[in-house]
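Just so you know, we're using the numbering used here here: the sequence shown kicks off at 1 and counts up by one.
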Amino acid sequence: MDNEQKSFQLILHSGNARSLAHEALQLIKEEKKEEANNKMKEAKKELLEAQKLHAQMLRDMANSEEIKVDLLLIHAEDHVSGSQNCLDMAAEVIAIYERFGDK
1 MDNEQKSFQL ILHSGNARSL AHEALQLIKE EKKEEANNKM KEAKKELLEA QKLHAQMLRD
61 MANSEEIKVD LLLIHAEDHV SGSQNCLDMA AEVIAIYERF GDK
């Protein structure tokens, strides 16, 4: 897989993770706790796929394999970090709903 394909895979998996986290937030607002937690599990799996690929790219770079850093790769890395933040916040909001939602 070339660098462009890897960048698109990063965008794909991190975008899926973010979308699933947003779905989880909608579900928790509807008090569908189990479904929300299942969506978050799916989101974490998608993000993990992006993180694994990113880690491999970093290992390749450390082993002196040239990785062309271009705008697409920077955009892809931004997607990964943004999705991580989104999942972190979604997990916190879900925890708050679970704790105080019935009160």
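Yeah, the Cβ is synthetic: ideal placement off N, Cα and C, and Gly gets one too.
For residue j and residue i, believed in contact at Cβ under 8 Å, the rounded distance
i         : j          : result
residue 6 : residue 57 : 6 Å
Other residues of its chain near residue i: CB distance less than 8 Å, five sequence neighbours each side excluded
i           : result
residue 148 : Residue 148 cannot be examined here, being either before or after the span of the chain that is shown, 1 to 103.
residue 53  : 6, 9, 10, 13
residue 77  : 10, 54
Cβ-based neighbour list, residue i, same chain, cut-off 6 Å, excluding 5 preceding and 5 following
i          : result
residue 68 : 3
residue 38 : none
Residue i in three-state terms, based on DSSP
i          : result
residue 52 : helix
residue 30 : coil
residue 66 : coil
residue 78 : helix
Cut-off 7 Å between Cβ atoms - residues of its own chain near residue i, not counting five sequence neighbours on either side
i          : result
residue 36 : 24, 27, 28, 94
residue 79 : 10, 11, 14, 15
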